[in-house]
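**Student:** Dropping the structure in here first, questions after.
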Amino acid sequence: MNIERIQHYIDYFSKDDFEFFSKNGWPYNYDSGVDEFINEFYQSDLIDTNYLETMNKHQKSHIELIKVADKDLLKSILTSYVRGERFSEGTWAEAISNKIFLNILIKLKELEEEAYI
Numbered sequence: 000m001n002i003e004r005i006q007h008y009i010d011y012f013s014k015d016d017f018e019f020f021s022k023n024g025w026p027y028n029y030d031s032g033v034d035e036f037i038n039e040f041y042q043s044d045l046i047d048t049n050y051l052e053t054m055n056k057h058q059k060s061h062i063e064l065i066k067v068a069d070k071d072l073l074k075s076i077l078t079s080y081v082r083g084e085r086f087s088e089g090t091w092a093e094a095i096s097n098k099i100f101l102n103i104l105i106k107l108k109e110l111e112e113e114a115y116i
């Protein structure tokens, strides 16, 4: 995912008072922007097929890990949340509410900008 798309989703997930999802029974209903983000993730270079192995090596919370993560670890964390919805409904809602997606994207942008310096 290039830096322009990352910035697009930083802007999107930074919105206050925006309904990213709703839950009226089952399943969660996500805004089309969330679905777009997930679809774009699957088409990007951000997927980590070994995310379970990587995540099992780390004992800190994801919020703490994001602060110190390199790109590979960020990819693992992001993949775990994206794939997690399949196994545990509401994982994306949790990632949005706790600003996990937003913080991962901000950190990815910082790392990309550092790489160009």
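Residue numbers for the sequence shown follow numbering that gives the first Met the number 0, so the first one is 0 and each next one is one higher. All C-beta atoms in this analysis are idealised placements derived from N, C-alpha and C, irrespective of residue type, glycine included. Quick caveat, the model's predicted, so the values are computed rather than measured.
(1) Within this structure, are the beta carbons of A94 and Y29 separated by less than 9 angstroms?
(2) Report the residue from S96, Y115, F86 and Y27 whose alpha carbon sits nearest the alpha carbon of D16.
(3) Starting from K108, follow the alpha helix (DSSP H) in both directions and report where the run begins and ends.
(4) What span of residues does the alpha helix (DSSP H) with F36 cover, start to end?
(5) Whole angstroms are fine: how far does the CA of I99 sit from the CA of E3?
**Tutor:** Judging by the given coordinates:
(1) In this structure, A94 sits away from Y29, with a CB-CB distance that is not shorter than 9 angstroms.
(2) With distances taken between Cα atoms, D16 lies closest to S96.
(3) For K108, the uninterrupted alpha helix (DSSP H) segment begins and ends at I99 to A114.
(4) For F36, the uninterrupted alpha helix (DSSP H) segment begins and ends at S31 to Y41.
(5) Going by C-alpha positions, E3 is about 19 angstroms away from I99.
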